[in-house]
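Engineer:
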Amino acid sequence: MGLTDRLKKWKRVPDNCMTYRKAVCFIIFLLFVVIFVYPNYMTRDDGKHAFKLEKIRQCLEDRLITFSLDVEEGNANVRRNLIGDKDDSFLPFVGNGYHGVTITPLSTIYLKKLRTLSLDLKWSPLYNINTDSVMEEVVVSNFLNGVVHRYQCLGNGLHVTYNYISHRLRPYLFMQELKFVNPSSQKVNLKLSKPNLSLWSHTEPRITRIPEGKGKALYEITSGTVDIDKEKEELAVSIILKSIPRALEIEPHRTKIIQIPCIIYSEVIPKGSYFEKRNNIETKSVEELKNITMENFNKIKMEHINAWTKVWETGLFISHSKAANALNGDKINATIYYVLSNVLPLSVISNNKTALTKINDNSYLTLAEGCYGGYHHTLQAKKLWKSLNTYEEVNDIVSLWLLTLEKQGCQKLISSGYLRVMQALILSFGGFRFNSHHLEFKIDPKFLHRDFIFRRISYDGITNINVSVTLQDDNKALLGVSLDKSDKNYYACDGGCIEEPVKLGTSVIYFPVKMTEPITSILYITSDKSHMELIKHTLHVHKIVEAPAYDHHVIALHRHGHHLGGLPVLFWASICFLIVIFHLFLFKLIFNEYCDKPDRHSRVRYGKI
């Protein structure tokens, strides 16, 4: 049989099996399925997916309600876009001056190098869940208590909370707490991705049992060395991480909490001596861990939170500005948080005892003498207020801040612990300066077109002073001074110190902002009244006037984001539009009245009665 005969045979097959009418019916049925049935099926499937995503996002919003006020006041920051393009949020990060951890998909540990935590170990201590379920997450950085919260909501109803802490007072301790909540009626099985402790090729992690509560828990310990760019020294590092099961089962309507301490111990050793010192280093790290596991986890956590809360007793309030690219409280608080997270603590808690590096409070004036003070304060230094989105950006800003404070006379405060660094930051924000037994407020009056409150400036380690700048209805700035606490009498005078010194108390005392020639500070504070009475003889001013009111358009720009005052731009645009329409209508009436020719055919003739 030839090829032609074969083709003819196959051609006759559909003619025998299917009539023309059947073929038409089949095609119509197929088109019906494609046009009507399949899209409805896909839409139903997409609807289920959209509903599931909506539930997940509502779950996340429920988690974020707790932080709404803190976010509004700039005390916390939310990062939603964890992977992909940059957003305007700040880097989730925890640190205590000894180590720091970025809470990102590419998380890693940083150790101290020079001024900042910039030595990358290229290893993450974070546990994560592996799931095939639809999932979204957000990360909240709480600057006030030094805790980063991470929330995950899954399509199966489960939601997971992670809390991360680099302990403020226990230098080698990093803590993570995982909380699994299953509100559904179904059991949920999860797998955890376990951090790989194989940091160094020449060593393998080993398992050890550490007393914990009434029993013992398994921990993995590994150690090795890191190059620190020194000819004769290197950094020995020992890391101990709690080992937990890879598979978890969360029962219906149940909550499961896992607390995971991690010790990150390091010390500088001579090059080539690691194997000789390894056992000693690992023993020290194990001892640090034992001191922690024998205590209550929540107590240790509150210890950290209280330490950070004490930090923020001192601080700065600045009124919110709607002007483009204006510096506001959220970026100021974030910058303070990152700087202090890179500074060593003055007190170190070890072996359940407080070991304090004591510095006599009476020497505080000596430490603060000459720290900063300048008519152009750091709030105006744009290089100090750049983006804080990535760790490279954060590290650059922190390094520049510490260098700036160091070279502006704050070296003694920087070397005295994070609480004193906070004082140095506040002094720099307002251009405050301790000088020869008194405190000066040296800011240029032209920068006082926003409200400020400088909270709890330490005068001598015992006395705390509050200084405020308030804009009045006439757009003039007014200074307010009060004592938070004191052990003696304090006095203040305004620019030029011509007036009699005013005794300060817990109630706010107000002073006008004065401008002098030559330029002097706008406020002086001291505990020595006779010293203040002599200050005016050393200033040699020959002209004192009250600072003029600020231009209305400058105030409006900060308060409303434009120069048009309190009403929105749309209102003024609408008014302008109505005025234009009115004049066009008026022009048309005038044109019709005087320019159009009368229609002779439309004249009405009146007959005589």
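Note that numbering that gives the first Met the number 0 gives residue 439 to position 440 of the sequence shown, counting from 1, and the numbers run on in steps of one.
Glycine residues also receive a C-beta, built at the ideal position from the N, C-alpha and C atoms.
1) Between which two residues does the beta strand (DSSP E) carrying residue 543 extend?
2) State buried or exposed for residue 533, treating a residue as buried only when at least 16 other CB atoms are found within 10 Å of its CB.
3) Go through the stretch 175 to 211 residue by residue and report every complete run of the beta strand (DSSP E) that reaches 3 residues or more, in order.
4) How far does the alpha helix (DSSP H) with residue 609 in it reach, from first residue to last?
5) Does the count of Cβ pairs from the stretch 54 to 66 and the stretch 316 to 332 closer than 8 Å reach three?
6) In whole angstroms, give me the CA-to-CA distance for residue 576 and residue 451.
7) Between 292, 133, 90 and 345, which has its C-alpha nearest residue 414's C-alpha?
8) Within 10 angstroms of its Cβ, does residue 233 collect 16 or more other Cβ (buried), or is it exposed?
9) What is the DSSP secondary structure of residue 389, reduced to helix, strand or coil?
10) Taking just the CA atoms, how far does residue 426 sit from residue 409?
11) Below 8 Å CB to CB, which residues in the same chain sit around residue 327 once its five sequence neighbours on both sides are set aside?
12) Note the first and the last residue of the continuous beta strand (DSSP E) segment covering residue 223.
13) Could you tell me how far apart the beta carbons of residue 138 and residue 59 are, in whole angstroms, since I believe they sit closer than 8 Å?
14) Leaving out five residues before and five after residue 477 in sequence, what residues of the same chain have Cβ atoms less than 6 Å from its Cβ?
15) Straight-line CA distance for residue 142 to residue 93?
16) How would you write the range of the beta strand (DSSP E) that residue 514 sits in, first residue to last?
17) Taking the straight line between their C-alpha atoms, what separation do you get for residue 220 and residue 298?
18) With a CB to CB cut of under 8 Å and the five nearest residues on each side skipped, what residues in its chain are close to residue 456?
19) Could you give the residue range of the beta strand (DSSP E) that holds residue 101?
20) Where do the ends of the beta strand (DSSP E) carrying residue 159 lie?
21) Would you give the residue range spanned by the beta strand (DSSP E) that residue 111 belongs to?
22) Suppose the cutoff is 8 Å on Cβ atoms and the five residues either side in sequence are ignored; what does the same chain contact list for residue 246 look like?
23) Taking DSSP's pairing of strands, which residues face residue 529 in a bridge?
24) Express the C-alpha separation of residue 558 and residue 108 in angstroms, rounding to a whole number.
25) DSSP state of residue 277, grouped into three classes?
26) Count the other C-beta atoms from every protein chain shown that fall within 10 angstroms of the C-beta of residue 572, then say buried if there are 16 or more, exposed otherwise.
27) Taking one C-beta from the stretch 164 to 182 and one from the stretch 215 to 230 each time, how about it: are there three or more such pairs within less than 8 Å?
28) Could you give the first and the last residue of the continuous beta strand (DSSP E) run that contains residue 139?
29) Who are the Cβ neighbours of residue 217 in its own chain at under 7 Å, not counting the five residues just before and after it?
30) Helix, strand or coil for residue 242? Go by DSSP, reduced to three states.
31) Which residues does DSSP list as the beta-bridge partners of residue 119?
32) Return the bridge partner residues of residue 269 from the DSSP annotation.
33) On the criterion of 16 or more Cβ atoms from any shown chain inside 10 Å, does residue 593 qualify as buried, or is it exposed?
34) Would a C-beta distance cut-off of 7 Å place residue 160 and residue 178 closer than the cut-off?
35) When DSSP labels each residue in this structure, what does residue 429 get in the three-state scheme?
36) Can you tell me where the alpha helix (DSSP H) holding residue 67 begins and where it ends?
Structural biologist: According to the structure data:
1) Here residue 543 is taken as the residue at index 544 of the sequence shown, counted from 1. First-last of the beta strand (DSSP E) with residue 543: 542 to 545.
2) Along the sequence shown, read from residue 1 onward, the residue named residue 533 stands at position 534. When all chains shown are included, residue 533 counts as exposed.
3) As far as the stretch 175 to 211 is concerned, its whole beta strand (DSSP E) runs of at least 3 residues are 187 to 192 and 205 to 211.
4) No statement about residue 609 is possible, as the shown extent of the chain runs from 0 to 608 and does not include it.
5) Two segments are said to touch when three or more pairs of C-beta atoms, one from each, lie closer than 8 Å; by this definition the stretch 54 to 66 does not touch the stretch 316 to 332.
6) Position 577 of the sequence shown, counted from the start, is the residue given in the question as residue 576. Position 452 of the sequence shown, counted from the start, is the residue given in the question as residue 451. Near 39 Å, if we compare the C-alpha coordinates of residue 451 and residue 576.
7) Residue numbering aside, residue 414 sits at position 415 when the sequence shown is read from its first letter. Distances from the CA of residue 414 to each of 292, 133, 90 and 345 were compared; the closest alpha carbon is that of 345.
8) Here residue 233 refers to the residue found at position 234 of the sequence shown. By the neighbour-count definition (other C-beta atoms within 10 Å, threshold 16), residue 233 is a buried residue.
9) Counting from one through the sequence shown, the residue named residue 389 turns up at place 390. In the three-state DSSP reduction, residue 389 falls in the coil class, being neither helix nor strand.
10) Within the sequence shown, residue 409 is the residue found at index 410, counting from 1. Within the sequence shown, residue 426 is the residue found at index 427, counting from 1. Distance between the alpha carbons of residue 409 and residue 426 is about 10 Å.
11) Against the sequence shown, residue 327 aligns to sequence position 328. The residues are 73, 317, 319 and 320.
12) For the purposes of this step, residue 223 is identified with residue 224 of the sequence shown, where counting begins at 1. Start and end: 214 to 225.
13) The residue you call residue 138 lines up with position 139 of the sequence shown. The residue you call residue 59 lines up with position 60 of the sequence shown. Distance from residue 138 to residue 59 at the Cβ level is roughly 11 Å; contact not present, criterion being Cβ atoms closer than 8 Å.
14) On the sequence shown, position 478 is the one that residue 477 refers to. Counting only Cβ-Cβ distances below 6 Å, and skipping sequence neighbours, we find 469, 471 and 509.
15) Here the question's residue 142 lines up with position 143 in the sequence shown. Here the question's residue 93 lines up with position 94 in the sequence shown. Each residue's alpha carbon lies about 10 Å from the other.
16) On the sequence shown, position 515 is the one that residue 514 refers to. Element bounds for residue 514: 513 to 516.
17) What you label residue 220 is simply residue 221 of the sequence shown in a count that begins at 1. What you label residue 298 is simply residue 299 of the sequence shown in a count that begins at 1. In a straight line, the C-alpha of residue 220 is about 25 Å away from that of residue 298.
18) For the purposes of this step, residue 456 is taken as residue 457 along the sequence shown, with counting starting at 1. Answer for residue 456: 313, 422, 425, 426, 431, 438, 463, 464, 465 and 466, listed in chain order.
19) By 1-based counting over the sequence shown, the position of residue 101 is 102. From DSSP, the beta strand (DSSP E) with residue 101 extends over 98 to 101.
20) Sequence index remark: in the sequence shown, residue 159 carries index 160 (1-based). Per DSSP, the unbroken beta strand (DSSP E) holding residue 159 starts and ends at 158 to 165.
21) The residue labelled residue 111 in the question sits at position 112 within the sequence shown. Residue 111: member of the beta strand (DSSP E) spanning 108 to 112, first to last residue.
22) One-based indexing of the sequence shown puts residue 246 at position 247. Excluding positions up to five away in sequence, the list reads 188, 189, 190 and 191.
23) Counted from its first residue, the sequence shown places residue 529 at position 530. Per DSSP, none; premise fails for residue 529.
24) In the sequence shown, residue 108 corresponds to position 109, counting from 1. In the sequence shown, residue 558 corresponds to position 559, counting from 1. Looking at the backbone, the Cα of residue 108 and that of residue 558 are separated by about 41 Å.
25) Start at 1 with the first residue of the sequence shown, and residue 277 comes out as number 278. The answer is helix: DSSP assigns residue 277 an H, G or I state.
26) Position 573 of the sequence shown holds residue 572. The residue in question, residue 572, is exposed, as its Cβ has fewer than 16 Cβ neighbours within 10 Å.
27) Flag = no, the stretch 164 to 182 and the stretch 215 to 230 do not touch.
28) For the purposes of this step, residue 139 is taken as the residue at position 140 of the sequence shown. It spans 134 to 141 - the beta strand (DSSP E) in which residue 139 sits, taken as one unbroken run.
29) In the sequence shown, residue 217 corresponds to position 218, counting from 1. Excluding residues within five positions, the ones whose Cβ falls inside 7 Å are 206, 208 and 242.
30) Translated into the one-based positions of the sequence shown, residue 242 becomes position 243. Three-state result, residue 242: coil.
31) In the sequence shown, counting from the first residue as 1, residue 119 sits at position 120. In DSSP, residue 119 forms a bridge with 109.
32) Counting from 1 along the sequence shown, the entry for residue 269 is found at position 270. Residue 269 has 232 as its beta-bridge partners, per DSSP.
33) Here residue 593 is taken as the residue at index 594 of the sequence shown, counted from 1. Classification of residue 593: exposed, given that the 10 Å Cβ count is below 16.
34) Counting from 1 along the sequence shown, the entry for residue 160 is found at position 161. Counting from 1 along the sequence shown, the entry for residue 178 is found at position 179. Yes. Within cutoff.
35) Your numbering for residue 429 matches position 430 in the sequence shown. Helix, per DSSP.
36) Against the sequence shown, residue 67 aligns to sequence position 68. Its alpha helix (DSSP H) spans residues 67 to 71.
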